[in-house]
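Contents: one structure, followed by commentary.
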Amino acid sequence: MQPEPTTKCIRVSSLDAVSAVDRFSALPDGLIHTVLSFLPAPEVVRTCLLSRRWRSLWRSAPCINLDERDFGISIMIIRDGTLEEKWARWIRRGIEYCPSVLNIQILEHHRFKLPPVVGLNFHHLKMLCLHSVDLGSHFAGLLCSACPVMEDLKLGNCEFSGNSSQVITSRTLKKLELECCLNKTGYPLVITAPSLAYLCLCYGCYEAGISLCKMDSLVGAEIYVTEYETLSQQTERELLCSLYNVTSLKLMGFEVEVMLNDESDKFPVFPNMRTLDLHSCFLDEYELYDKLEALGSFLQSAPCLEKLILQYCMFYSFSDSEWEIERKSITLHRQYGKTFQCQKLKLIEVIYDHDHDHRLIELLWSLGRRLPEASIKLKKIKRFLT
662 MQPEPTTKCI RVSSLDAVSA VDRFSALPDG LIHTVLSFLP APEVVRTCLL SRRWRSLWRS
722 APCINLDERD FGISIMIIRD GTLEEKWARW IRRGIEYCPS VLNIQILEHH RFKLPPVVGL
782 NFHHLKMLCL HSVDLGSHFA GLLCSACPVM EDLKLGNCEF SGNSSQVITS RTLKKLELEC
842 CLNKTGYPLV ITAPSLAYLC LCYGCYEAGI SLCKMDSLVG AEIYVTEYET LSQQTERELL
902 CSLYNVTSLK LMGFEVEVML NDESDKFPVF PNMRTLDLHS CFLDEYELYD KLEALGSFLQ
962 SAPCLEKLIL QYCMFYSFSD SEWEIERKSI TLHRQYGKTF QCQKLKLIEV IYDHDHDHRL
1022 IELLWSLGRR LPEASIKLKK IKRFLT
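Start counting the sequence shown at 662; every next residue gets the next number (our numbering).
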């Protein structure tokens, strides 16, 4: 007896009907854009196979992660132009879609020169991240006139070039980070940002100086300097004076002469500062007494300070240095300098690396004598993990 073919035909037609249903097209644009934002660019392009509707949607995704290593270098090198020219064309084309976030990271050894972007639309750009980019003279004008809603700017290993001063001016900028940047203009770098709430200057070379203007909204700041004098001591002092409104301040690499509060060149009052974090400061060749005098003179300018953090400050400490443990006895003087007037300071946190260093005991004794109302907390953290 022959089996009836109708059942088999019905099943086949049912499967065809199910496979013909385009469930992806029923998803809202916002959800599809969110999914695409998490995918690398090659996978985003492949989604065109899922649905006809996705062929145009991927082009309007709010975030496209484009990495030349995903495609191979051949995508950029074409007969009629250089690699840098092709990169500039890709960047300009991406900007034409009015992104809210633009992140350009050049992983080569040389810096990529930012192409002219006059006439392009940055009206939706809120966050700009540039790494290893040569910022020509047109960059300052771009921020001032073409980015009306910019809130977050991050520059890493970038170079300010040109024959005129660079001025970062923005009324809407709230967060600014400059890491290992170089100013080769011969003029001071000027930053004017009345809405800026957070500033980070991490290393970098600014031999002509940095000028901060209108920082009334600044709440937190971090300034890291090196021992290679890429910033003059006068510039470091001027930077500190410009940060008078912060509630939290972190300094790294500052030395005694910068922090001393001279009668002729006093620091302003820091009325809102609650936390002061010093990392690798006061490591120059001064006696501990002089270093504490410099620290105390700065603390006098922060009447509302509540917490002081000293990370690897006052002296170098290495576990294999014989001269660190040669002293067998320690004399702790009862009268060791004047008492600092920091009535609201409640906690001093001392972070160190080696227990055997006798200077740690001297430091704790001296801090206790000069700041008798504050509690002292010790925390051992290895600076260099082996």
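Where is the CB? At the ideal position from N, CA and C, for every residue including glycine.
Kindly list the residues whose CB is nearer than 6 Å to the CB of I1012, restricted to its own chain and excluding five residues on each side of it in sequence; keep chain order.
Excluding sequence neighbours, I1012 sits near Q972, K1040 and I1042.
Look up T882 in the DSSP assignment and say whether it is helix, strand or coil.
First, the amino acid is wrong: residue 882 is Ala here, not Thr. Correct three-state label for A882: strand.
With a cut-off of 8 Å on the beta carbons, I'd call K845 and S822 a contact; round off their distance for me.
So it is a contact: roughly 5 Å between Cβ atoms.
Using the beta-carbon count (16 or more within 10 Å), is F1061 buried or exposed?
The structure shown does not extend to residue 1061, since the chain spans only 662 to 1047, so no value can be given for it.
If you run the structure through DSSP and keep just helix, strand and coil, what is S1036?
Reduced to three states, the DSSP call for S1036 is strand.
Compare the beta carbon distance of E918 and Q894 with 8 Å and say whether it is the shorter of the two.
Result yes, Cβ atoms of E918 and Q894 sit closer than 8 Å.
In three-state terms, what does DSSP make of Y1013?
Of the three classes helix, strand and coil, the one that applies to Y1013 here is strand, per DSSP.
Hey, H928 and C965 are a contact pair by Cβ (cut 8 Å); roughly how many whole angstroms apart?
Reading the sequence as shown, one finds Phe at residue 928 and not His. Wrong, their Cβ atoms sit about 15 Å apart, outside the cutoff.
Using the three-state DSSP reduction, which class does V1068 fall into: helix, strand or coil?
Since the first residue shown for the chain is 662 and the last is 1047, residue 1068 is missing from the structure and cannot be characterised.
Tell me the rounded alpha-carbon separation between R832 and V880.
Rounded to the nearest angstrom, the two C-alpha atoms are 16 Å apart.
Run through DSSP, which three-state label would L921 get?
Three-state result, L921: coil.
Of the choices D795, C942 and V706, whose alpha-carbon is the least far from that of C842?
Answer by Cα proximity: D795.
Rounded to the nearest angstrom, what separates L862 and W748 at their Cα positions?
Straight-line Cα distance between these residues: approximately 28 Å.
What first and last residue would you give for the beta strand (DSSP E) that runs through H792?
Element bounds for H792: M788 to H792.
Could you name the residues of the same chain whose beta carbon sits closer than 7 Å to that of D951, not counting the 5 residues immediately before and after it, in chain order?
Contacts found: V917.
Where do the ends of the alpha helix (DSSP H) carrying H1019 lie?
H1019 -> alpha helix (DSSP H) spans H1019 to R1031.
Just reading off the beta strand (DSSP E) that K911 is part of, what are its end residues?
Element bounds for K911: S909 to M913.
Using the C-alpha atoms, what's the distance from I1009 back to S856?
Each residue's alpha carbon lies about 31 Å from the other.
Could you tell me the alpha carbon to alpha carbon distance between S793 and G817, rounded to whole angstroms?
Going from the Cα of S793 to the Cα of G817 covers about 6 Å.
Taking the runs of the alpha helix (DSSP H) that are 4 residues or longer, which of them lie wholly in the region 799-867?
Whole alpha helix (DSSP H) segments, 4+ residues: 799-802.
How big is the Cα-Cα spacing for S761 and L700?
Answer to the nearest angstrom: the Cα atoms are 18 Å apart.
So what's E987 in DSSP terms, helix, strand or just coil?
For E987, the pLDDT reaches just 49, beneath the cut-off of 50, and the residue's location in the model is therefore unreliable, although a value from the coordinates is still provided. Coil, per DSSP.
Cα-Cα, which of V930, L960, D923 and Y947 is closest to D938?
When only C-alpha atoms are compared, the closest one is L960.
What residue range is occupied by the uninterrupted beta strand (DSSP E) comprising Q658?
Only positions 662 to 1047 of the chain appear in the structure, and residue 658 is not among them; the question remains open.
If distances are taken between C-alpha atoms only, which option among L804, S798 and L814 comes closest to N824?
Out of L804, S798 and L814, S798 has the C-alpha closest to the C-alpha of N824.
By the three-class DSSP mapping on this structure, what secondary structure does T695 have?
Here T695 sits in helix by DSSP.
For L688, which option in V706, A702, L711 and E704 has the closest C-alpha, if you only look at C-alpha atoms?
Looking at the Cα atoms, L711 is the closest of the given residues.
Cα separation between Y885 and R898?
If I take the Cα positions, the gap works out to 13 Å.
Verify the contact flag: F915, CB atom, against every heavy atom of the ligand COA, threshold strictly below 7 Å.
Looking for the ligand COA in the displayed structure turns up nothing, as the structure carries no ligands at all.
Would a check of beta-carbon distances place L1008 closer than 8 Å to chain C?
The structure shown contains no chain C; it is built from a single protein chain.
Taking D951 as part of the alpha helix (DSSP H), name the residues at either end of that continuous run.
D951 -> alpha helix (DSSP H) spans L949 to L960.
Closest by CA to M788, which one among I765, L1006, S806 and R1044?
Of I765, L1006, S806 and R1044, the residue nearest in Cα terms is I765.
Using the C-alpha atoms, what's the distance from L921 back to T908?
Their backbone Cα atoms lie some 21 Å apart in a straight line.
Whole angstroms is fine: what's the gap from A1035's alpha carbon to M811's?
Using only the alpha carbons, I get a separation of about 42 Å.
Quick check: what's the CA-CA separation for L837 versus G691?
Their Cα atoms are separated by approximately 30 Å.
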